[in-house]
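In our numbering, the protein residues as written are 62 to 487. In this text, a Cβ means the ideal position worked out from N, Cα and C, and glycines have one as well. Read the structure below first, then the notes.
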Amino acid sequence: MFMKKKYGCLLQDENISRWFKNMCRGSEITANVYLRRLGSFCNEKKITPQELVKLDKRKIYDMFLDTVTDMEKTYAGSYTESVIKSVKSWLIFNDIKIDKKIIIRGAKDTPSLKDERVPTQPELRKIFLSGDLKARTICSLIAHSGVRLQVLGKDKGEDGLRLDDLPELKINNGEVNFEKIPTLVKVRASLSKTKKPYVTFLSAEGCEYLKEYLEMRMRKGEKLTGQSPIITPKTAKKSFITTINIGDAARNSIRKAGFPWRPYVLRSYFDTQLMLAESKGFVLRDYRQFFMGHVGDIERTYTLNKETLPPAVMKDLRDSYMKSQKYLQTIETSKDEDEIMKMFKRQMLLVAGFKADEITDEELELDDEEFQKIVRERLTKQMNGKNMSKQRAIETEDVEKYLSDGWIYVNTLPNSKIIMQSPLSF
62 MFMKKKYGCL
72 LQDENISRWF
82 KNMCRGSEIT
92 ANVYLRRLGS
102 FCNEKKITPQ
112 ELVKLDKRKI
122 YDMFLDTVTD
132 MEKTYAGSYT
142 ESVIKSVKSW
152 LIFNDIKIDK
162 KIIIRGAKDT
172 PSLKDERVPT
182 QPELRKIFLS
192 GDLKARTICS
202 LIAHSGVRLQ
212 VLGKDKGEDG
222 LRLDDLPELK
232 INNGEVNFEK
242 IPTLVKVRAS
252 LSKTKKPYVT
262 FLSAEGCEYL
272 KEYLEMRMRK
282 GEKLTGQSPI
292 ITPKTAKKSF
302 ITTINIGDAA
312 RNSIRKAGFP
322 WRPYVLRSYF
332 DTQLMLAESK
342 GFVLRDYRQF
352 FMGHVGDIER
362 TYTLNKETLP
372 PAVMKDLRDS
382 YMKSQKYLQT
392 IETSKDEDEI
402 MKMFKRQMLL
412 VAGFKADEIT
422 DEELELDDEE
432 FQKIVRERLT
442 KQMNGKNMSK
452 QRAIETEDVE
462 KYLSDGWIYV
472 NTLPNSKIIM
482 QSPLSF
């Protein structure tokens with residue numbers, strides 16, 4: 062367990078060490094913060110933690126009040142509250158509970174965040190392009206997958222996201238490809254703040270950055286396996302990058318792009334953009350929470366004592382993310398391209414035997430798998446004799462001949478050809 066030298070000596074005391082290790086089982090980051098706060102408080106009061114627990118409650122309460130009075134002149138109320146909370150944790154561990162109310166002005170204020178906001182999509186694009194391939198990959202994983210910084214690399218660099226955690230990522234002959242995009246990202250229980258596994262996805266844009274980054278590492282001679290870290294540290298002393306270094310890489314990109322924000326704003330971007338997608342009906346609130354690793358209805362229902370989501374739920378999660386992807390990505394999909402795809406799908410449905418008034422936007426927005434399914438079903442229906450309809454795309458000058466033979470006009474294609482349907486279906 063990592064601890065800065067200034068207060069590391071406190072751990073030589075068995076009782077303090079037990080308190081610290083107990084907190085580490087919940088969060089090593091919190092444990093380190095609490096130990097620093099306790100050490101700082103005791104230094105200021107010229108007392109040891111061991112001596113503190115021997116004082117009567119009234120004396121301790123007075124010390125708290127004096128601390129608040131002194132600190133409110135210089136520090137934010139939220140920082141003062143953090144100090145008091147840390148010391149109280151040590152006292153409670155020693156069966157000492159201070160019940161009297163301690164009023165701290167601005168305890169819930171966050172002055173360093175008052176001017177902070179989430180970036181727009183163009184601003185996020187600027188952040189991506191301000192960093193190298195490694196920083197770009199880090200930023201895209203946080204902003205497009207919603208993972209916490211410590212998922213990519215834990216506090217001491219002892220673990221982090223691995224290639225095996227992206228099961229649809231495949232490497233062949235030095236080339237990275239994805240079986241499905243958006244691609245699945247599995248967050249193991251050991252990386253999850255809630256200590257429970259969950260899944261999220263990485264966008265097409267994020268997959269492209271990750272592909273470039275991994276291929277660059279292979280060109281430099283690194284041999285990648287399923288156990289290889291997604292993000293590597295600058296030096297080879299440890300296999301995994303630390304949370305601090307993840308934050309540094311993201312922060313440097315944000316600063317180079319000209320913004321004063323913290324790295325965590327990238328995760329707030331994911332939350333905010335999916336909230337917009339939720340308002341449009343593309344993703345459920347429960348799904349948004351689940352992608353971010355929050356405890357919610359899905360987590361309680363499907364990951365309690367088991368790590369596999371039902372296929373139907375997994376498919377719905379992927380479909381929801383795919384529909385929401387346009388709110389996350391910084392590379393806009395051409396509207397013309399979308400319209401061309403819809404036009405192509407409409408033509409396919411007409412050729413398959415659908416009438417023009419049967420086709421709705423819902424069919425045109427289906428993913429490829431579902432769309433192919435309904436086309437196959439209609440074609441099969443025609444071929445098995447239930448509907449002997451037949452359609453042809455003909456030149457304009459042949460329309461009169463087909464009409465005289467009883468064929469029915471269906472639609473006009475963009476290339477000016479005419480779709481006609483045989484009289485057998487009427």
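Under the Cβ criterion (8 angstroms, minimum of three pairs), the segment 284-301 does not count as touching the segment 160-167. Judged by DSSP in its simplified three-state form, Met-481 adopts strand. In this chain, Tyr-136 is not harboured by any beta strand (DSSP E), its DSSP state being neither H nor E. Residue state for Lys-247 is assigned as strand, using DSSP reduced to three classes. Checking the DSSP bridge columns, you'll see Arg-223 partnered with Pro-290. The C-alpha of Leu-285 lies about 10 angstroms from the C-alpha of Arg-223. The segment 426-434 makes no contact with the segment 229-248: fewer than 3 CB pairs, one atom from each, lie closer than 8 angstroms.
Proximity to Cys-85 across Thr-441, Lys-254, Arg-346 peaks at Lys-254, based on C-alpha coordinates. Of all C-beta pairs linking the segment 129-141 to the segment 66-78, fewer than three are shorter than 8 angstroms, placing the two stretches out of contact.
In terms of Cα proximity to Asp-309, the closest of Glu-431, Ile-199, Thr-181 is Ile-199. Under DSSP, Ala-454 forms a beta bridge with Ile-480. Per DSSP, Asn-306 lies in no beta strand (DSSP E); the unbroken alpha helix (DSSP H) holding it starts and ends at 304-317. By alpha-carbon distance to Cys-268, the top candidate from Glu-219, Arg-197, Pro-258 is Arg-197. With 16 or more other Cβ atoms from the protein chains shown falling within 10 Å of its own Cβ, Arg-349 counts as buried. Less than 8 angstroms divides the Cβ of Leu-389 from the Cβ of His-205. Closest option to Leu-71, judged by alpha-carbon separation, among Leu-464, Leu-96, Met-277: Leu-96. Judged by pairs of C-beta atoms under 8 angstroms, the segment 222-241 does not touch the segment 323-333, as fewer than three such pairs exist.
Here Asn-76 carries a helix assignment [DSSP, helix/strand/coil].
Annotated three-state conformation of Glu-236 is strand, per DSSP. Counting only residues of its own chain and dropping the five nearest sequence neighbours on each side, Thr-141 has a CB closer than 7 angstroms to the CB of Val-129, Met-132, Glu-133, Ile-165. Its chain contains Thr-109, Pro-110, Leu-113 as the residues whose beta carbon lies nearer than 7 angstroms to that of Cys-103, once the 5 sequence neighbours on both sides are disregarded; these appear in chain order.
Shown here, Val-208 sits in coil according to DSSP, grouped into three states, outside any helix or strand.
According to the DSSP assignment, Asn-472 belongs to the beta strand (DSSP E) that extends over 469-473.
Look at Thr-261 here: in three-state DSSP terms it is strand. Residues Gly-207 of the same chain have their beta carbon placed closer than 6 angstroms to that of Met-353, with the five preceding and five following residues left out of the count. CA-CA distance, Val-212 to Arg-328, rounds to 12 angstroms. Within 10 angstroms of the beta-carbon of Asp-123 lie fewer than 16 other beta-carbons, which makes it exposed. Judged by DSSP in its simplified three-state form, Lys-231 adopts strand.
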